[in-house]
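And the structure:
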């Protein structure tokens with residue numbers, strides 16, 4: 150696996166081990182980033198129906214990874230498996246292995262409440278609580294016992310979500326009075342307030358107008374400096390704009406069943422300019438899906 | 006079918022449309038008539054109770070006890086107080102139980118358990134109130150004595166399924182996305198229920214409770230068994246003695262060979278009716294407000 154920003158520069162001279170080490174130390178940014186999620190042959194079934202199968206994928210820290218693909222290819226299913234949001238779906242089963250910082254997400258003794266405390270999620274439709282703006286952001290920290298400096302925490306989260314300036318004078322007003330784009334940024338602030346490690350975004354801009362969408366995309370750029378971001382989108386331009394790496398999912402025929410699977414994953418530029426798989430090429434050039 | 010119709014013909018009724026219009030009109034008027042009957046019945050009941058009960062009404066009637074040995078004067082003060090005490094006790098028992106039940110059914114239980122519990126609630130809801138009265142009688146009165154508490158327990162058996170059902174319906178209305186959002190924040194299930202789901206549903210739960218109170222306040226049969234042999238003194242003694250109450254009072258007064266008693270029965274009926282109508286009106290207002298709150302998203 151190469152570095153994040155394209156291929157690693159070629160070594161021009163033969164080096165001894167020491168020289169190599171020194172050279173690597175000079176370019177710490179080129180070292181591969183730590184793996185956050187390691188999916189190993191992951192499959193998901195709801196009852197008798199297999200939704201995705203054979204997904205092997207590594208997601209690295211402080212990168213924005215986009216998941217694209219046609220409808221019904223299991224993008225959201227995969228994303229929601231990353232913080233165990235599918236657990237409440239009747240008949241949900243996960244095969245293969247899904248590691249988070251080396252720990253099996255579905256292993257024994259794993260508490261899904263703790264999983265979600267570290268892996269936040271923002272949904273397709275803005276879903277603020279019917280509470281005030283302040284309480285929306287403060288609710289989770291309060292319930293998780295982070296009561297010290299709550300006001301600062303709320304302000305920080307709203308700043309991070311680029312919403313502070315718009316709402317600072319009406320923190321006590323109902324969140325339901327905000328516009329759709331503001332509500333979605335509030336949901337991001339709410340997720341950031343508990344300082345998660347990862348932020349999962351499930352088509353966060355699909356219900357928003359282009360201006361609000363641009364604001365969310367801008368936000369993803371800033372947020373990836375501090376968080377690891379996985380974003381599902383059906384909008385290829387959006388993936389191209391915000392993601393460092395892109396995973397393309399599609400439907401595959403397996404034992405007479407149409408099952409979603411990962412076709413390929415690579416640097417975003419590669420996926421959009423010279424993908425390895427013809428199906429990816431067809432999809433990104435708009436020939437299907 | 007070769008319906009060679011002329012699309013350029015004038016747009017007036019043609020073919021069997023005339024007959025269809027008559028059938029349509031007929032069906033509509035029958036349905037409208039049915040709705041009218043319901044309203045008229047309610048109107049007649051209210052008017053006749055009001056007309057016959059209104060003359061009995063006075064401040065004395067609402068506050069004083071009836072004369073010890075019959076005759077004019079006095080009122081149903083103790084019965085009003087007794088009903089208030091009994092219904093309050095019933096509410097305190099059945100609201101927590103009913104709401105917890107609803108939470109269990111809508112938030113925690115698996116689909117199979119849900120079916121069983123729902124069936125149980127529906128059956129409980131359909132139990133004849135006289136059977137419930139008999140049950141409370143054998144449980145709390147036999148071998149002891151009648152008490153307001155026994156009446157409250159009997160009424161609670163009626164009220165719990167009503168509240169549980171109403172709360173359940175409201176909890177179902179709370180958008181799934183809110184639970185999902187709370188889940189995704191790493192907050193435990195119970196905190197999610199208490200912090201997000203219940204507040205969103207509060208208005209509806211209050212509405213259901215008020216309706217259930219209105220229903221329970223008018224139940225007579227269970228009280229006949231449990232708290233009907235009382236002396237007409239104002240009392241808060243829930244456990245020690247039978248408490249006077251409006252429904253039983255109406256029954257006793259209407260059985261008296263005394264025209265004044267007969268009139269008082271109508272008066273008491275009017276008081277009960279007004280209470281129930283007001284409770285219903287309040288409940289509707291609350292319901293409208295809570296729906297507006299949930300619908301605002």
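Protein chains in written order, with our numbering: chain D, 150 to 438; chain S, 6 to 302.
Note that CB positions come from ideal geometry on N, CA and C, so glycine has one too.
From a predicted model like this one, the values you see are computed outputs, not experimental measurements.
When DSSP labels each residue in this structure, what does residue 114(S) get in the three-state scheme? Sequence index remark: in the second chain, residue 114(S) carries index 109 (1-based). Three-state DSSP puts residue 114(S) in coil, outside helix and strand.
Relative to the alpha-carbon of residue 58(S), which residue among 84(S), 255(S), 126(S) has its alpha-carbon at the smallest distance? As a first step, residue 58(S) must be located in the second chain, where it is residue number 53. 255(S) is the residue among 84(S), 255(S), 126(S) whose C-alpha sits nearest the C-alpha of residue 58(S).
Boundaries of the alpha helix (DSSP H) in which residue 399(D) is found, first to last residue: For the purposes of this step, residue 399(D) is taken as residue 250 along the first chain, with counting starting at 1. Per DSSP, residue 399(D) belongs to no alpha helix (DSSP H); it is in the beta strand (DSSP E), 394 to 403.
Given that residue 288(D) touches chain S, what residues does it touch there, using C-beta distances under 7 angstroms? Against the first chain, residue 288(D) aligns to sequence position 139. Residues of chain S passing the Cβ test: 200.
Looking at residue 212(S) and residue 291(S), is the spacing between their C-beta atoms short of 9 angstroms? What you label residue 291(S) is simply residue 286 of the second chain in a count that begins at 1. What you label residue 212(S) is simply residue 207 of the second chain in a count that begins at 1. The answer is yes: Cβ separation under 9 angstroms.
Could you check what DSSP says for residue 223(D) in three-state terms: helix, strand or coil? Sequence index remark: in the first chain, residue 223(D) carries index 74 (1-based). Reduced to three states, the DSSP call for residue 223(D) is coil.
Looking at residue 139(S): is its Cβ nearer than 9 angstroms to the Cβ of residue 230(S)? Counting from 1 along the second chain, the entry for residue 139(S) is found at position 134. Counting from 1 along the second chain, the entry for residue 230(S) is found at position 225. By the CB criterion at 9 angstroms, residue 139(S) and residue 230(S) fall inside the cutoff.
Looking at the unbroken alpha helix (DSSP H) that takes in residue 427(D), where does it start and where does it end? Position 278 of the first chain, counted from the start, is the residue given in the question as residue 427(D). That run of the alpha helix (DSSP H) goes 427 to 433.
According to DSSP, is residue 118(D) helix, strand or coil? Examination of residue 118(D) is not possible in this model, given that chain D is present from 150 through 438 alone.
Note down, in chain order, each residue of its chain lying with its Cβ closer than 7 angstroms to the Cβ of residue 382(D), except the 5 sequence neighbours on either side. The residue given as residue 382(D) occupies position 233 in the first chain. Closer than 7 angstroms at Cβ, skipping near neighbours: 215, 217, 352, 388.
Coarse secondary structure for residue 31(S), derived from DSSP in three states: The residue labelled residue 31(S) in the question sits at position 26 within the second chain. Reduced to three states, the DSSP call for residue 31(S) is helix.
List, in order along the chain, the chain S residues whose C-beta lies closer than 9 angstroms to that of residue 269(D)? Here residue 269(D) refers to the residue found at position 120 when the first chain is read from its first residue. The contacting residues are 189, 190, 191.
Tell me whether residue 261(S) sits in a helix, a strand or coil according to DSSP, three-state version. Looking up residue 261(S) in the second chain gives position 256. Coil.
Please list the residues of the stretch 160 to 182 of chain S that have a C-beta atom closer than 8 angstroms to any C-beta atom in chain D, keeping them in chain order. The residues in question are 180, 182.
Spatial distance of residue 196(D) from residue 259(D) (CA atoms): As a working mapping, residue 196(D) is identified with position 47 in the first chain. As a working mapping, residue 259(D) is identified with position 110 in the first chain. Taking the straight line joining both Cα atoms gives about 23 angstroms.
So is residue 302(S) in contact with chain D if we call contact Cβ pairs under 9 angstroms? Position 297 of the second chain, counted from the first residue, corresponds to residue 302(S). The predicted position of residue 302(S) is uncertain, since its pLDDT is 40 and thus under 50; no value can be drawn from it.
Evaluate the contact criterion for the stretch 159 to 172 of chain S versus the stretch 91 to 110 of chain S: three or more CB pairs, one atom per stretch, below 8 angstroms. By the Cβ criterion, the stretch 159 to 172 of chain S is in contact with the stretch 91 to 110 of chain S, since at least three pairs of Cβ atoms, one from each stretch, lie closer than 8 angstroms.
At the level of alpha carbons, what is the spacing between residue 209(D) and residue 251(D)? Sequence index remark: in the first chain, residue 209(D) carries index 60 (1-based). Sequence index remark: in the first chain, residue 251(D) carries index 102 (1-based). Annotation: residue 209(D) to residue 251(D) spans about 12 angstroms, alpha carbon to alpha carbon.
Using the Cα positions of residue 408(D) and residue 199(D), report the straight-line distance between them to the nearest angstrom. Stepping through the first chain from its first residue, residue 408(D) is reached at position 259. Stepping through the first chain from its first residue, residue 199(D) is reached at position 50. Straight-line Cα distance between these residues: approximately 6 angstroms.
Cβ shell of residue 95(S) (< 7 angstroms), same chain only, five flanking positions each side left out: Walking along the second chain from the start, residue 95(S) turns up at place 90. Correct list, in chain order: 157, 160, 161, 164, 221.
What did DSSP end up calling residue 260(D) once you bin it into helix, strand or coil? Locating residue 260(D) in the first chain gives position 111, counting from the first residue. Correct three-state label for residue 260(D): coil.
Is it right to say residue 80(S) is buried, meaning 16 or more other beta carbons lie within 10 angstroms of its own, or is it exposed? On the second chain, residue 80(S) is found 75 positions in, with the first residue counted as 1. Buried.
Answer yes or no: do residue 148(S) and residue 247(S) have a C-beta to C-beta separation smaller than 9 angstroms? Looking up residue 148(S) in the second chain gives position 143. Looking up residue 247(S) in the second chain gives position 242. Residue 247(S) is positioned such that its CB atom lies no closer than 9 angstroms to that of residue 148(S).
Quick check: the Cα distance between residue 400(D) and residue 385(D), rounded to an integer number of angstroms? In the first chain, residue 400(D) corresponds to position 251, counting from 1. In the first chain, residue 385(D) corresponds to position 236, counting from 1. Residue 385(D) has its alpha-carbon roughly 17 angstroms from the corresponding atom of residue 400(D).
Neighbour flag for residue 205(S) against chain D, beta carbons, 9 angstroms: One-based indexing of the second chain puts residue 205(S) at position 200. Contact with chain D is found for residue 205(S), since one of that chain's Cβ atoms lies less than 9 angstroms from the residue's Cβ.
Residues, ordered as in the chain, of the stretch 361 to 380 of chain D that lie near chain S by beta-carbon distance below 7 angstroms: Of all residues in the stretch 361 to 380 of chain D, none has a Cβ within less than 7 angstroms of some Cβ in chain S.
Note down the Cα distance separating residue 286(S) from residue 283(D), rounded to an integer number of angstroms. Looking up residue 286(S) in the second chain gives position 281. Looking up residue 283(D) in the first chain gives position 134. Their backbone Cα atoms lie some 34 angstroms apart in a straight line.
Judging by CA-CA distance, which residue of 258(S), 175(S), 224(S), 199(S) is the nearest neighbour of residue 293(S)? Here residue 293(S) refers to the residue found at position 288 when the second chain is read from its first residue. Of the candidates 258(S), 175(S), 224(S), 199(S), the one whose C-alpha sits nearest the C-alpha of residue 293(S) is 175(S).
At what residues does the beta strand (DSSP E) containing residue 216(D) begin and finish? Locating residue 216(D) in the first chain gives position 67, counting from the first residue. Counting along the chain, the beta strand (DSSP E) containing residue 216(D) begins and ends at 213 to 217.
Taking all protein chains shown into account, decide if residue 237(S) is buried (16 or more other Cβ within 10 angstroms of its Cβ) or exposed. Here residue 237(S) refers to the residue found at position 232 when the second chain is read from its first residue. Burial call: buried.
Among all the DSSP beta bridges, which residues are the ones paired with residue 186(D)? Sequence index remark: in the first chain, residue 186(D) carries index 37 (1-based). Residue 186(D) is bridged to 208(D), 249(D).
Please classify residue 358(D): is it buried, with 16 or more other beta-carbons within 10 angstroms of its beta-carbon, or exposed? Taking the first chain and counting its residues from 1, one reaches residue 358(D) at position 209. A residue is called buried once 16 or more other Cβ atoms fall within 10 Å of its Cβ, and residue 358(D), having fewer, is exposed.
What did DSSP end up calling residue 320(D) once you bin it into helix, strand or coil? What you label residue 320(D) is simply residue 171 of the first chain in a count that begins at 1. Three-state result, residue 320(D): coil.
Within chain D, partners of residue 185(S) - CB distance below 8 angstroms: Position 180 of the second chain, counted from the first residue, corresponds to residue 185(S). Under the 8 angstroms cutoff, chain D gives 234, 272, 276.
Under 9 angstroms by beta carbon: chain S residues contacting residue 302(D): Taking the first residue of the first chain as 1, we reach residue 302(D) at position 153. Within chain S, no residue has its beta carbon less than 9 angstroms from that of residue 302(D); the closest one is some 14 angstroms off.
Residue environment, residue 296(D), which counts as buried when at least 16 other CB atoms sit within 10 Å: By 1-based counting over the first chain, the position of residue 296(D) is 147. So residue 296(D) counts as exposed.
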